[in-house]
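Here the numbering used here is used: the first residue of the sequence shown is 22, the next is one more, and so on.
Positions of the beta carbon are idealized from the N, C-alpha and C atoms, including for glycine.
Heads up, the thing below is written out as structure tokens.
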Amino acid sequence: MRKMTEEKIIATACSNDCGGGCILKAHVRDGKIIRIETDNEEEPQYRACVRGRAWRQRIYAPDRLKYPLKRVGERGSGKFEKISWDEALDIVSSELLKVREKYGPASIIVLHAIGDDNNIHHAPLFWRLFNLAGGFTGTWAFFSFEQAMFAEIATFGIPMERNSPIGLLNSKMIILWGCNPAVTRHETKAMYYMKQAKEAGVKIVCIDPKYTRTAAILADKWIPIKPTTDTAMLLAMA
22 MRKMTEEKII
32 ATACSNDCGG
42 GCILKAHVRD
52 GKIIRIETDN
62 EEEPQYRACV
72 RGRAWRQRIY
82 APDRLKYPLK
92 RVGERGSGKF
102 EKISWDEALD
112 IVSSELLKVR
122 EKYGPASIIV
132 LHAIGDDNNI
142 HHAPLFWRLF
152 NLAGGFTGTW
162 AFFSFEQAMF
172 AEIATFGIPM
182 ERNSPIGLLN
192 SKMIILWGCN
202 PAVTRHETKA
212 MYYMKQAKEA
222 GVKIVCIDPK
232 YTRTAAILAD
242 KWIPIKPTTD
252 TAMLLAMA
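As structure tokens, then:
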């Protein structure tokens, strides 16, 4: 009978590219994660959402890509073969050079996000690499928060200035527009302070076509607007 080795807990953080960086505790035995838990301290809670809790399934998923694959069949056929990292890098670099020489550096577009992965891998180094290779086409706006940035400039005169989530306790009303922090969230401690705000009597309104878990837990009022009518409702409120 194989002797059971001792279980150890390794503290780490979620890097699902949302910016939250929630606390994760990986329970490891024989070099393998057997389960993941998150922050259980009373206050403040840096508790991970379902994405952070699913890291074990993500790491050991049978269809996870662990090495480069090269397509060997027609596009859409699903036929690939395993290649080395050196071969993969050679293919990528040679194809980029071909595209640049034929269509110019503006034909290469570089997209990036503003979450934890951007901080870990440091996107500006990637930009620098392509600048040294003749330049590239970037994006004019960020897909994740551009609308919020311009709304705050028009409303407050400054872009993307936020206070701590503890400021929710000073609110008279909280509007959650298409926001479901009970399930998945960007701000780690938001749900913790929203619960405290509700207990303190702060009114919470959820605007979402779906009756979400957040609406069930927090909402004093749920407004189930029809999909794609957000702009019309915002203009009516303005």
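Where residue i falls, given that 16 or more other Cβ within 10 Å makes a residue buried
{"i": "residue 223", "result": "buried"}
{"i": "residue 57", "result": "buried"}
{"i": "residue 41", "result": "buried"}
{"i": "residue 81", "result": "exposed"}
{"i": "residue 37", "result": "buried"}
{"i": "residue 203", "result": "buried"}
{"i": "residue 73", "result": "buried"}
{"i": "residue 32", "result": "exposed"}
{"i": "residue 213", "result": "buried"}
{"i": "residue 187", "result": "exposed"}
{"i": "residue 209", "result": "buried"}
Alpha-carbon spacing of residue i relative to residue j, whole angstroms
{"i": "residue 43", "j": "residue 122", "result": "44 Å"}
{"i": "residue 88", "j": "residue 109", "result": "10 Å"}
{"i": "residue 92", "j": "residue 194", "result": "54 Å"}
{"i": "residue 173", "j": "residue 198", "result": "16 Å"}
{"i": "residue 125", "j": "residue 112", "result": "19 Å"}
{"i": "residue 90", "j": "residue 101", "result": "6 Å"}
{"i": "residue 200", "j": "residue 258", "result": "18 Å"}
{"i": "residue 29", "j": "residue 49", "result": "5 Å"}
{"i": "residue 59", "j": "residue 39", "result": "16 Å"}
{"i": "residue 225", "j": "residue 34", "result": "30 Å"}
{"i": "residue 46", "j": "residue 254", "result": "42 Å"}
{"i": "residue 27", "j": "residue 105", "result": "36 Å"}
{"i": "residue 115", "j": "residue 159", "result": "21 Å"}
{"i": "residue 84", "j": "residue 248", "result": "33 Å"}
{"i": "residue 103", "j": "residue 79", "result": "21 Å"}
{"i": "residue 66", "j": "residue 234", "result": "19 Å"}
{"i": "residue 146", "j": "residue 152", "result": "10 Å"}
{"i": "residue 171", "j": "residue 177", "result": "10 Å"}
{"i": "residue 130", "j": "residue 62", "result": "44 Å"}
{"i": "residue 185", "j": "residue 211", "result": "9 Å"}
{"i": "residue 245", "j": "residue 149", "result": "46 Å"}
Opposing strand residues paired with residue i [DSSP bridges]
{"i": "residue 106", "result": "Answer is none; residue 106 lacks a bridge partner."}
{"i": "residue 50", "result": "53"}
{"i": "residue 119", "result": "The partner list for residue 119 (beta bridge, DSSP) is empty, contrary to what the question assumes."}
{"i": "residue 32", "result": "46"}
{"i": "residue 58", "result": "46"}
{"i": "residue 101", "result": "92"}
{"i": "residue 225", "result": "195"}
{"i": "residue 242", "result": "226"}
{"i": "residue 112", "result": "Note: residue 112 sits in no beta bridge, so no partner."}
{"i": "residue 129", "result": "Partner(s): none; residue 129 has no beta bridge."}
| Which runs of the alpha helix (DSSP H) fall wholly inside the region 159 to 203 and span at least 4 residues, in chain order? | 167 to 177
| Okay, do the region 211 to 229 and the region 238 to 253 touch, 3+ Cβ pairs below 8 Å being the bar? | yes
| task | Please list the segments of the alpha helix (DSSP H) lying wholly inside the region 63 to 99, counting only runs of 4 or more residues, in order along the chain. | result | 71 to 74, 76 to 80
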